[in-house]
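Under my numbering, the very last position in the sequence shown is 514; numbers go up by exactly one each time.
Just so you know, even glycine gets a beta-carbon here, dropped at the ideal spot from N, CA and C.
Source: prediction; values computed, not measured.
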Amino acid sequence: MEYGNLPADDPKKTEHLLALDGAKERLHLLKANLLEQGSFDTVVDGCEGVFHTASPFFLVAADPQAELVEPALKGTLNVLESCAKAPSVKRVVLTSSIAAVAYNGEPLTPEVVVDETRWTNPEFCKEMKLWYPLSKTLAEDAAWKFVKEKGLDLVTINPAMVVGPLLQPTLNTSAAAVLSLIKNAEPYPNASFGWVNVKDVATAHILAFENPSANGRYLMVERVAHYSEIVKILRELYPTLPLPEKCADDKPFMPKFQVSKEKAKSLGIKFTSLEETLKETVESLKEKNFFAASSAK
Numbered sequence: 218m219e220y221g222n223l224p225a226d227d228p229k230k231t232e233h234l235l236a237l238d239g240a241k242e243r244l245h246l247l248k249a250n251l252l253e254q255g256s257f258d259t260v261v262d263g264c265e266g267v268f269h270t271a272s273p274f275f276l277v278a279a280d281p282q283a284e285l286v287e288p289a290l291k292g293t294l295n296v297l298e299s300c301a302k303a304p305s306v307k308r309v310v311l312t313s314s315i316a317a318v319a320y321n322g323e324p325l326t327p328e329v330v331v332d333e334t335r336w337t338n339p340e341f342c343k344e345m346k347l348w349y350p351l352s353k354t355l356a357e358d359a360a361w362k363f364v365k366e367k368g369l370d371l372v373t374i375n376p377a378m379v380v381g382p383l384l385q386p387t388l389n390t391s392a393a394a395v396l397s398l399i400k401n402a403e404p405y406p407n408a409s410f411g412w413v414n415v416k417d418v419a420t421a422h423i424l425a426f427e428n429p430s431a432n433g434r435y436l437m438v439e440r441v442a443h444y445s446e447i448v449k450i451l452r453e454l455y456p457t458l459p460l461p462e463k464c465a466d467d468k469p470f471m472p473k474f475q476v477s478k479e480k481a482k483s484l485g486i487k488f489t490s491l492e493e494t495l496k497e498t499v500e501s502l503k504e505k506n507f508f509a510a511s512s513a514k
């Protein structure tokens, strides 16, 4: 089942879901408001598993508190409060982020291994104006405190940059990061991120619900790669694409760091390679007409 803020007067936000195989029999869309207390009461009543999968993800916000922090924090707590009222709910799976894990103020260097015990420092986020990591950290921290008090069973999935085939017709932030390299051929950012395939992340959510021994947090990162590596892979896959030739600045490349895969693998995850993931991303962007198909051959 798919739930969220679904304006009844905007079929463009839902028609791609209703077109999925089996949707007529198994998919029910209900309108709810993340910021409205009790809005999910009737939605989760009778459900055994609840997946809270979304909060706003964008990198520039005019009002970070209203646009990022409140929807993440209040939305998560409102869903959990509804779950706490429903005796049928056996487990909640929350989509968190590596953004709630990695940024504790210590440098991310090649020797550093980020694992599920690490937490992002909210004060560091405020100081550095890292509003999205702040929103995900506050939301996940509040979720763990809430379920401890209420006795709910919670598992969180903490993915990095999620790319791969697009389900929706609109462009999301992480896919846009790849598209910007293809369309603009502007200098690539001097940044290193973790990357993971959306299908692997979806599988992790299902396994986190179905496996009784699943617990705590699960980082989902196939590989940490600098943008220069992303461009190199794309150039090998698509030699005719007008890809960037240089970095946005002349500073040393931002170092990569390591992310533990142990817990994800214990859940049964077999990661799709970054090369395959980027190929799926480009093919999906091409199929949905985000750039000229003649460019990618």
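Residues near K367 in its chain [Cβ-Cβ closer than 7 Å; skip 5 each side]: The beta carbon of K367 sits closer than 7 Å to those of A301, all from its chain and outside the five residues before and after it, given in chain order.
V261 to A316 span [Cα, whole Å]: 27 Å
Based on DSSP bridge pairs, tell me the residues matched to M544. The requested residue 544 does not occur in the structure, where the chain is confined to residues 218 to 514.
Determine the direct distance from the alpha carbon of D358 to that of L285, and round the result to whole angstroms. 15 Å
Cα-Cα, which of L355, L502, E439 and V476 is closest to Q385? L502
Y444 (DSSP reduced to helix, strand or coil): helix
For N506, which residues of its own chain have a beta-carbon under 8 Å away from its beta-carbon, when the five flanking residues on both sides are left out? none
Backbone secondary structure at W412 - three-state DSSP: strand
What do you get for K353, buried or exposed, if any count of 16 or more other CB atoms within 10 angstroms of its CB means buried? buried
Within 9 Å, strictly: CB atoms of G381 and T489: yes
State the DSSP-derived secondary structure class of Q475, mapped to helix, strand or coil. strand
At which residue ranges does the segment 250-321 contain complete beta strand (DSSP E) runs of 3 or more residues, listed in the order of the chain? 266-269 and 308-312
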